[in-house]
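J.: Under full-length UniProt numbering, the first residue of the sequence shown is numbered 1, with each subsequent residue one higher.
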Amino acid sequence: MSNLRGFFYYLSIAVIFFLIGWFGNNAYRLPRAPDPVPQAKPTPLLKYTVENLSKSEFKKSEIIIGNTLKETTSYTSYEFTMEFSPDFSGNLKKTSGMINIPKGPGPFPVIVMYRGYINQETYAIGEGTSPSASFFAQNGYITVAPDFLGYGNSDSEAANIFESRFQTYVTAVSVLKSVGSLSSWDGTNIFIWGHSNGGQIALITLEITGENYPTVLWAPVTRPFPASILYYIDEATDSGKLIIGKLAEFNDTYDAGMFSLTGYYVKIKAPIQLNQGTADTAVPYWWSDSFVQTLKNSEVDVTYIKYPGANHNLLPLWNQAVNASLLFFKSYLR
Numbered sequence: 001m002s003n004l005r006g007f008f009y010y011l012s013i014a015v016i017f018f019l020i021g022w023f024g025n026n027a028y029r030l031p032r033a034p035d036p037v038p039q040a041k042p043t044p045l046l047k048y049t050v051e052n053l054s055k056s057e058f059k060k061s062e063i064i065i066g067n068t069l070k071e072t073t074s075y076t077s078y079e080f081t082m083e084f085s086p087d088f089s090g091n092l093k094k095t096s097g098m099i100n101i102p103k104g105p106g107p108f109p110v111i112v113m114y115r116g117y118i119n120q121e122t123y124a125i126g127e128g129t130s131p132s133a134s135f136f137a138q139n140g141y142i143t144v145a146p147d148f149l150g151y152g153n154s155d156s157e158a159a160n161i162f163e164s165r166f167q168t169y170v171t172a173v174s175v176l177k178s179v180g181s182l183s184s185w186d187g188t189n190i191f192i193w194g195h196s197n198g199g200q201i202a203l204i205t206l207e208i209t210g211e212n213y214p215t216v217l218w219a220p221v222t223r224p225f226p227a228s229i230l231y232y233i234d235e236a237t238d239s240g241k242l243i244i245g246k247l248a249e250f251n252d253t254y255d256a257g258m259f260s261l262t263g264y265y266v267k268i269k270a271p272i273q274l275n276q277g278t279a280d281t282a283v284p285y286w287w288s289d290s291f292v293q294t295l296k297n298s299e300v301d302v303t304y305i306k307y308p309g310a311n312h313n314l315l316p317l318w319n320q321a322v323n324a325s326l327l328f329f330k331s332y333l334r
């Protein structure tokens, strides 16, 4: 009996060694879990690069005239609304704004106006453009100034702070494309006016469309993105902590230069008049000095007017600046 136990003992040992050897030699034949496939980061904001926006389809919408805001002897101010798809998904959002329509038989040329930064909590419809808009309307021009998403009676802006910023470009172009819905427009003349950050919006709009919209800029922000944000970071209530954190995340995923106006000047086909005060502390005049030279090097037709001692709103030389702007628009009437 003991011999039988010994036999089975040695047989078991032999089987174990056999199996170890077999598995060692044939393990490569057994199914193996595939190596994990690297997952690409989602890039939902790529649709807003200057290049991609220039290839996007901006659908025409209807500018709907609403409540009367003010009436003068020469023009009437109305609130307007317009629906468009800010992310090109087909889902519509509404932007409000102010439209001034001159009195008289018409038809009239149109100036689309883009304002600079204003605190969202204190903003009122048409703020940031209304003084110049009033002057242009008195001189026979329809003025259309969108509030942008999140402002006035517009729908809410995007949750992502950068998507919200980029969607101002979509709003700007969508308004331009919808001017044809205005029965009092002359069917030919469309001009652009932009102040401060609205000047940057105007420039990117020219790059996106490649159209010949004669454009007046007042103290435009011409720094590249995101330097154009970081320069004003100390104005944030949290000293810029939120923006810095979000910008770090953005830079991990995207090439910021693809969203910046500075790489696409060659796309600008419109003549530009740039008005700049030498006492401007929000947009230093040397920004505009350098920018104008860059535009000239890019063969953009640009006229540069500097106002000694004038601030960011071109005071105390506002009358001089607004009249120069009007003369510029008149020179391109067709």
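Heads up, the beta-carbon is just placed ideally off N, CA and C, and yes, glycines get one too.
Look up K241 in the DSSP assignment and say whether it is helix, strand or coil.
T.: In the sequence shown, residue 241 corresponds to position 241, counting from 1. Of the three classes helix, strand and coil, the one that applies to K241 here is helix, per DSSP.
J.: Pick from I125, G104 and V292: whose alpha carbon is nearest that of M113?
T.: Reading the sequence shown from its first residue, position 113 is the one you call residue 113. Taking only the C-alpha atoms, the option nearest M113 is I125.
J.: Whose C-beta lies closer than 6 Å to the C-beta of L317 among residues of the same chain, with five residues either side of it excluded?
T.: One-based indexing of the sequence shown puts residue 317 at position 317. Closer than 6 Å at the Cβ level, and outside the excluded window around L317, lie Y307 and A310.
J.: I believe I101 touches Y75 by the beta-carbon criterion, under 8 Å. Please report the beta-carbon distance rounded to the nearest angstrom.
T.: Stepping through the sequence shown from its first residue, residue 101 is reached at position 101. Stepping through the sequence shown from its first residue, residue 75 is reached at position 75. Going by Cβ atoms, the distance from I101 to Y75 rounds to 6 Å, so yes, they are a contact pair.
J.: Sort out for me which residues DSSP pairs V110 with in a bridge.
T.: Along the sequence shown, read from residue 1 onward, the residue named residue 110 stands at position 110. I142 and I190, per the DSSP bridge assignment.
J.: DSSP three-state call for L217: helix, strand or coil?
T.: On the sequence shown, residue 217 is found 217 positions in, with the first residue counted as 1. Three-state result, L217: strand.
J.: Which term fits G187, buried or exposed, when burial requires 16 or more other beta carbons within 10 angstroms of its beta carbon?
T.: Stepping through the sequence shown from its first residue, residue 187 is reached at position 187. Looking at its Cβ environment, which holds fewer than 16 other Cβ atoms inside 10 Å, G187 is exposed.
J.: Can you tell me the Cβ-Cβ gap for P146 and P214, rounded? I've got them flagged as a contact below 8 Å.
T.: Sequence index remark: in the sequence shown, residue 146 carries index 146 (1-based). Sequence index remark: in the sequence shown, residue 214 carries index 214 (1-based). That belief does not hold up - the Cβ atoms of P146 and P214 are roughly 19 Å apart, past 8 Å.
J.: What are the boundary residues of the alpha helix (DSSP H) that includes F329?
T.: Here residue 329 is taken as the residue at index 329 of the sequence shown, counted from 1. Boundaries of the alpha helix (DSSP H) around F329: W318 to S331.
J.: I'd like the list of long-range same chain contacts for K41, defined as Cβ closer than 7 Å, with 5 residues on each side in sequence excluded.
T.: Walking along the sequence shown from the start, residue 41 turns up at place 41. Closer than 7 Å at Cβ, skipping near neighbours: T253.
J.: Quick one: Cα of S154 to Cα of R165, how far?
T.: On the sequence shown, position 154 is the one that residue 154 refers to. On the sequence shown, position 165 is the one that residue 165 refers to. Whole-angstrom Cα-Cα distance: 15 Å.
J.: So, at 8 Å on beta carbons, what are the nonlocal neighbours of T281 in its own chain, with the 5 sequence-adjacent residues on each side left out?
T.: One-based indexing of the sequence shown puts residue 281 at position 281. Answer for T281: N311 and H312, listed in chain order.
J.: Could you name each continuous alpha helix (DSSP H) segment of 4 residues or more that falls completely within the region 248–278, going from the start of the chain to the end?
T.: none
J.: Going by beta carbon distance, what residues of the same chain come within less than 6 Å of L206, once the five residues before and after it are set aside?
T.: Within the sequence shown, the letter at position 206 stands for residue 206. Shown here for L206: same chain residues with a beta carbon closer than 6 Å to its own, the five before and five after excluded, namely I268 and A270 in chain order.
J.: Is it buried or exposed for N275, if we count other Cβ within 10 angstroms and need 16 for buried?
T.: In the sequence shown, the residue the question calls residue 275 occupies position 275. Residue burial annotation: N275 is buried, with at least 16 other C-beta atoms found within 10 angstroms of its C-beta.
J.: Between which two residues does the beta strand (DSSP E) harbouring E83 extend?
T.: Within the sequence shown, residue 83 is the residue found at index 83, counting from 1. From DSSP, the beta strand (DSSP E) with E83 extends over Y75 to F84.
J.: State the start and end residues of the unbroken alpha helix (DSSP H) segment that holds I208.
T.: As a first step, residue 208 must be located in the sequence shown, where it is residue number 208. N197 to T209 is the extent of the alpha helix (DSSP H) around I208.
J.: With DSSP collapsed to three states, give me the class of L230.
T.: Along the sequence shown, read from residue 1 onward, the residue named residue 230 stands at position 230. L230 falls in the helix class under three-state DSSP.
J.: Using 8 Å as the Cβ pair cut-off and three pairs as the minimum, do the region 174–186 and the region 50–63 touch?
T.: yes
J.: Checking the sheet assignment: what are the DSSP bridge partners for S96?
T.: Locating residue 96 in the sequence shown gives position 96, where the first residue counts as 1. Bridge partners of S96: T81.
J.: Measuring CB to CB, does I201 end up less than 8 Å from T168?
T.: Here residue 201 refers to the residue found at position 201 when the sequence shown is read from its first residue. Here residue 168 refers to the residue found at position 168 when the sequence shown is read from its first residue. Taking 8 Å as the Cβ cut-off, I201 and T168 qualify as a contacting pair.
J.: So A256 packs on F225, CB below 8 Å; how close in whole Å?
T.: Counting from one through the sequence shown, the residue named residue 256 turns up at place 256. Counting from one through the sequence shown, the residue named residue 225 turns up at place 225. With 8 Å as the limit, A256 and F225 qualify as a contact, their Cβ atoms being about 6 Å apart.
J.: What did DSSP end up calling E157 once you bin it into helix, strand or coil?
T.: For this step, residue 157 is matched to residue 157 along the sequence shown. Coil at E157, not helix or strand.
J.: Does DSSP classify K47 as helix, strand or coil?
T.: Here residue 47 refers to the residue found at position 47 of the sequence shown. Residue state, collapsed to three classes: helix.
J.: Given V300, which residues of its chain have a CB within under 6 Å of its CB, disregarding the five upstream and five downstream residues?
T.: To locate residue 300, count along the sequence shown from 1; it is residue 300. So the list reads I268, once near-sequence residues are dropped.
J.: Taking only three categories from DSSP, how would you classify V15?
T.: Position 15 of the sequence shown, counting from 1, holds the residue named residue 15. Residue placement at V15 is flagged as unreliable, the pLDDT there being 46, under the threshold of 50; the coordinate-derived value follows with that caveat. Helix, per DSSP.
J.: Confirm, please, whether the CB-CB distance from F329 to F191 is below 8 Å.
T.: If you number the sequence shown from 1, residue 191 lands on position 191. If you number the sequence shown from 1, residue 329 lands on position 329. Cβ atoms of F191 and F329: closer than 8 Å.
J.: Can you look up L149 in the DSSP assignment and give me helix, strand or coil?
T.: For this step, residue 149 is matched to residue 149 along the sequence shown. In the structure shown, L149 falls within a coil segment according to DSSP collapsed to helix, strand and coil.
J.: On a CA-only basis, which of P109, M82, V173 and N67 is nearest F136? Give me that one, please.
T.: In the sequence shown, the residue the question calls residue 136 occupies position 136. Nearest of P109, M82, V173 and N67 to F136, Cα basis: P109.
J.: DSSP has K177 in a bridge; who is on the other side?
T.: Residue numbering aside, residue 177 sits at position 177 when the sequence shown is read from its first letter. Answer by DSSP bridge pairing: none, since K177 is not bridged.
J.: Go through its chain and collect everything with a Cβ distance to W287's Cβ below 7 Å, but skip five positions before and after it.
T.: In the sequence shown, residue 287 corresponds to position 287, counting from 1. The residues T222 and R223, in chain order, have a CB closer than 7 Å to that of W287 in the same chain once the five nearest residues on each side in sequence are set aside.
J.: Thinking C-beta only, is L217 closer than 8 Å to G240?
T.: Residue numbering aside, residue 240 sits at position 240 when the sequence shown is read from its first letter. Residue numbering aside, residue 217 sits at position 217 when the sequence shown is read from its first letter. Contact flag unset, no.
J.: Smallest Cα separation from P220: which of Y304, T49, L69 and Y48?
T.: Mapped onto the sequence shown, residue 220 falls at position 220. Nearest C-alpha to P220: Y304.
J.: Could you confirm whether any beta carbon from chain D is found closer than 8 Å to the beta carbon of V112?
T.: Chain labels in this structure do not include chain D; a single protein chain is all it has.
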